[in-house]
Amino acid sequence: MDLAGKLLQLTLSGLAMGTIYGIVGMGFNIIYNATGVINFAQGEFVMLGGLIAVSLVAVHVPLAVAVVVAALIVAAVGLLLERLAVRPVSGQSVISMITITIGASMLLRGVAKLLWGPNAQKLPAFSGDEIIRVGPAALESQEIWIAGTALIIVIATQVFFNYTVAGKAMRACAINKAAARLAGVNVERMTLLAFALSAGISGLAGVVLTPKTLMRSSSGAPLAVKGFCAAIVGGLGNGIGAVVGGALIGVLESLGAGLISSGYKDAFALLILMVVLFVRPSGILGRNTDREGL
Amino acid sequence: MFHSARVVLPLLVTLAVLGILVVAGCPKSTPQGTPQGGGPSVVPPAGVGPETGTGGAKPSGEPIKIGAIFSVTGPTAPLGEPEKMAAEMIAEQINEKGGILGRPVEVIIEDDKSENTEAVMAAKKLIETEKVCAIIGPSGTPATMAIKQMCQDAGVPLVSCAAGRTITDPVFSYVFAVPQTDLLAVAKIVDWLKANKIKKVASIYVANPFGESGQQQMEKQFKEAGIELLASEKFGGEDTDMTPQLTNIKGKNPEAIICWGTNPGPASVAKGVKKLGITVPLIQSHGVANAKFIELAGEAAEGVMLPAGRLIVWQSVPDDHQQKPVLKEFAEAFKAKYDRDADTFAGHAYDALHIVAKAIEAAGSDDPAKVRDAIEATTGFVGTAGVFNYSAEDHNGLTKDAFVWVKIEGGQWKLAE
Chain E
-10 MDLAGKLLQL TLSGLAMGTI YGIVGMGFNI IYNATGVINF AQGEFVMLGG LIAVSLVAVH
50 VPLAVAVVVA ALIVAAVGLL LERLAVRPVS GQSVISMITI TIGASMLLRG VAKLLWGPNA
110 QKLPAFSGDE IIRVGPAALE SQEIWIAGTA LIIVIATQVF FNYTVAGKAM RACAINKAAA
170 RLAGVNVERM TLLAFALSAG ISGLAGVVLT PKTLMRSSSG APLAVKGFCA AIVGGLGNGI
230 GAVVGGALIG VLESLGAGLI SSGYKDAFAL LILMVVLFVR PSGILGRNTD REGL
Chain L
62 MFHSARVVLP LLVTLAVLGI LVVAGCPKST PQGTPQGGGP SVVPPAGVGP ETGTGGAKPS
122 GEPIKIGAIF SVTGPTAPLG EPEKMAAEMI AEQINEKGGI LGRPVEVIIE DDKSENTEAV
182 MAAKKLIETE KVCAIIGPSG TPATMAIKQM CQDAGVPLVS CAAGRTITDP VFSYVFAVPQ
242 TDLLAVAKIV DWLKANKIKK VASIYVANPF GESGQQQMEK QFKEAGIELL ASEKFGGEDT
302 DMTPQLTNIK GKNPEAIICW GTNPGPASVA KGVKKLGITV PLIQSHGVAN AKFIELAGEA
362 AEGVMLPAGR LIVWQSVPDD HQQKPVLKEF AEAFKAKYDR DADTFAGHAY DALHIVAKAI
422 EAAGSDDPAK VRDAIEATTG FVGTAGVFNY SAEDHNGLTK DAFVWVKIEG GQWKLAE
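Protein chains in written order, with our numbering: chain E, -10 to 283; chain L, 62 to 478.
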């Protein structure tokens, strides 16, 4: 394989992983915009989505139904997390809310380990183990599913935030909670919706990811780290930014592992994060002003 | 009121989330016969537990305590889980047959959760609180290396179930190992490469002591055998996509690829090799010799070859082979008790526990120093991994004859020689 082919292969597989980081990053952003909280249980939502789908398929639920049901169950988990753990401390500092999400991530991981055991679980690829040739490079068919799902999620969330009343209300809460409340927006309900939406999206990401990477109770944390980097690199709070950031991290990580040294693969994501924070602290697509009240 | 709501609500969360997950959880996926969670589990001496009523005289007196540290949870669980099951089964069998020295045996199993610090704490507890006469395990090379010095200093014999060469090289007088080491595995691979006239290979290994130890052996032995190592790539224990590394390897056009790791990484490597359309043979280490590898890698496991102990292909081992009766008895008992096939790792627990039991019998005492001397004097012990001949210089006791060449065909392990 010549250098061009190698670069193409590395870029394509980097993009496939990068879109997942991007979706996880979007999940971070939705909750951050609504509450100002970084939800450290975000990776666990991804993990739960994958594992729930594995179980549903194991009891002969059709795959398409399993995908939707798994995402809905994870959305319900997000809803419960907000209603029962985050809201009771909503008057307090952001730090205590973040601490609650760390606790929630440990709880969810522990419960998942109890239910599914410590081993990696497998989900069949949506359209078989076909390999798609792109010139000299190769793609798993599942990687197309991953990219396609990411694209749909991005479009759907953009439509939601820009053209629906609920989406606009949620954006209003992000800009100024007090003003939104005065304009008649139910801030509490929007926060609840943000958690459900964020969890559902991450759960869906987990389902499409599992056939490619396998899933186990401990898989959430590394994904959360990369997703968080994606959100920061793209500009915290910016939905499209997270996807751009995720793709960037995925591709550079893959190129770094392939061209420089595979031993430092995970270090590349953090290196990109540091470079971006030095050069452009608000992220690639982030606003240059600090958020109000933070 | 306000304050009590703060306390009650988080509790409700816990219950509600648990409730949802229990509904969503799959009944099939909980491993059989293994209590989850981190607490120690103790196999009660026969005299204490329910009567089984068969076998030799009922053991009596003070129980003989043997410690065990396995990675029952965490990334190394595919190894630790069957080891724990095997150790529990064998302890029961020994007690049914009258115990050791007429005394019941008590195997105290600790879970190191695949973490070195947990292994150190478990070893400390076994040595200082439980005052065991010997320890079997841990499951992984990193955890074994973490407690090696401690067992040596405490004068408690350690019979490790991990395969890293660094465990028994250099030799510590109190530290032994039962798995075939990577030294022997690489020697077996070199034989195969030479027989197939392969001169140029590439390696990909997990970035932990198991992978690094394998890599060191490959570098050393390939050089001696005149085999060129074109590229060597690493992957992390939690890595799930090896495409970048394999793309690099593909670019070098090797005649074979050798992967050194334990699940699930090697399964991702196998999938990546298929994906990139690499057609040269993929050789795995003995670290994947369990059913989980075939399950995770699926189609991609087809045609993968590896050096492995005879246990996973015991049905194909000729009847006149000296290991056959041991393999048959253990594999059948394990299958009957747990309804799953005994893999290499279950076999390691069998070997370790029997070597310790026999050493206590031979020493006529459960004094750790005497047990150590007796373990070192073990010769001709026919186990699942091979025939053990320990000596002052060799604390692994196996030769490369302990390996057979195994190939995966039709989702099954097949003897390929």
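All C-beta atoms, glycine included, are put in the ideal place defined by N, C-alpha and C. Note that the coordinates shown come from a computational prediction; the quantities given were computed from them, not determined experimentally.
{"Check": "Residues in the stretch 198 to 221 of chain E having any Cβ partner in chain L nearer than 8 Å", "Outcome": "LYS201, THR202, LEU203, ARG205, SER207, SER208 and PRO211"}
{"Check": "Beta strand (DSSP E) segment containing L/GLN282, residue limits", "Outcome": "Segment 270 to 286 is the alpha helix (DSSP H) holding L/GLN282; no beta strand (DSSP E) there."}
{"Check": "The beta strand (DSSP E) enclosing E/VAL35, as first and last residue numbers", "Outcome": "E/VAL35 -> not in any beta strand (DSSP E); alpha helix (DSSP H) instead, spanning 31 to 47."}
{"Check": "Given L/GLY201 as reference, the closest of L/TRP466, L/ASN351 and L/GLY141 once Cα atoms are compared", "Outcome": "L/GLY141"}
{"Check": "Within-9 Å CB hit, E/ASN108 to chain L", "Outcome": "yes"}
{"Check": "Backbone secondary structure at L/ASP300 - three-state DSSP", "Outcome": "coil"}
{"Check": "Endpoints, beta strand (DSSP E) assigned at L/MET366", "Outcome": "366 to 369"}
{"Check": "E/LYS102 and L/THR301 closer than 9 Å at C-beta", "Outcome": "no"}
{"Check": "Element boundaries [beta strand (DSSP E), containing L/GLU363]", "Outcome": "Here L/GLU363 belongs to no beta strand (DSSP E), and DSSP marks it neither H nor E."}
{"Check": "Same chain, Cβ closer than 6 Å to E/THR90, neighbours up to 5 away in sequence not counted", "Outcome": "ASN28, PHE29 and ALA30"}
{"Check": "Contacting positions in the stretch 113 to 139 of chain E - beta carbon closer than 7 Å to chain L", "Outcome": "ASP118, ILE120, ALA127 and GLU129"}
{"Check": "Alpha helix (DSSP H) segments (min. 4 residues) lying fully within the stretch 131 to 175 of chain L", "Outcome": "138 to 157"}
{"Check": "Test: E/ALA246 CB closer than 9 Å to a CB of chain L", "Outcome": "yes"}
{"Check": "Nearest-angstrom Cα separation, counted from L/VAL365 out to L/ALA107", "Outcome": "Because L/ALA107 carries a pLDDT of 45, less than 50, the predicted location of this residue cannot be relied on, and the following value inherits that uncertainty. Approximately 43 Å between the Cα atoms of the pair."}
{"Check": "Through-space distance from L/ALA204 to L/ILE228, alpha-carbon basis", "Outcome": "10 Å"}
{"Check": "E/ILE164: first and last residue of the uninterrupted alpha helix (DSSP H) it sits in", "Outcome": "154 to 164"}
{"Check": "Amino acids of chain E, ordered along the chain, whose beta-carbon sits closer than 7 Å to that of L/LEU337", "Outcome": "ALA127"}
{"Check": "Chain-ordered chain L contacts of E/GLY252 [CB-CB under 8 Å]", "Outcome": "ALA268 and LYS295"}
{"Check": "Exposure of E/ALA194, with buried meaning 16 or more beta-carbon neighbours within 10 Å", "Outcome": "buried"}
{"Check": "CB contact below 9 Å: E/LYS(-5) versus chain L", "Outcome": "yes"}
{"Check": "Residue from E/LEU237, E/GLY230, E/GLY16 and E/LEU198 whose Cα sits closest to the Cα of E/LEU260", "Outcome": "E/LEU237"}
{"Check": "CB contact check: L/ALA317 to chain E, cutoff 9 Å", "Outcome": "no"}
{"Check": "L/TRP375 - partner residues in DSSP beta bridges", "Outcome": "Its beta-bridge partners do not exist; DSSP assigns none."}
{"Check": "Per-residue DSSP class, three states only, for L/GLN473", "Outcome": "strand"}
{"Check": "C-alpha gap between E/VAL176 and E/ILE87, whole angstroms", "Outcome": "19 Å"}
{"Check": "Where L/TYR266 sits in the DSSP three-state scheme", "Outcome": "strand"}
{"Check": "Short CB-CB distance (under 9 Å) between L/ALA85 and chain E", "Outcome": "Its pLDDT being 44, under 50, L/ALA85 is placed unreliably by the model, and nothing is read from it."}
{"Check": "Cα-Cα separation, E/GLN131 to E/GLY117", "Outcome": "8 Å"}
{"Check": "CB-CB length for L/PRO218 against L/PHE237, believed under 8 Å", "Outcome": "7 Å"}
{"Check": "Burial state of E/ARG72, where buried means 16 or more other Cβ atoms lie within 10 Å", "Outcome": "buried"}
{"Check": "Exposed unless 16 or more other CB atoms sit within 10 angstroms - verdict on L/GLU454", "Outcome": "exposed"}
{"Check": "Cβ shell of L/GLU112 (< 6 Å), same chain only, five flanking positions each side left out", "Outcome": "Note that L/GLU112 scores 42 on pLDDT, short of 50, meaning its location in the model is unreliable and no value can be drawn from it."}
{"Check": "Start-to-end residues for the beta strand (DSSP E) that takes in L/ALA195", "Outcome": "195 to 197"}
{"Check": "Spatially closest choice to L/ASN185 from L/ALA207, L/VAL166, L/SER175 and L/VAL168, by CA coordinates", "Outcome": "Reading the sequence as shown, one finds Lys at residue 185 of chain L and not Asn. With distances taken between Cα atoms, L/LYS185 lies closest to L/ALA207."}
{"Check": "Separation of L/LYS398 from E/ILE133, as counted between CA atoms", "Outcome": "44 Å"}
{"Check": "Collapsed DSSP secondary structure at E/ARG122 in the structure displayed", "Outcome": "strand"}
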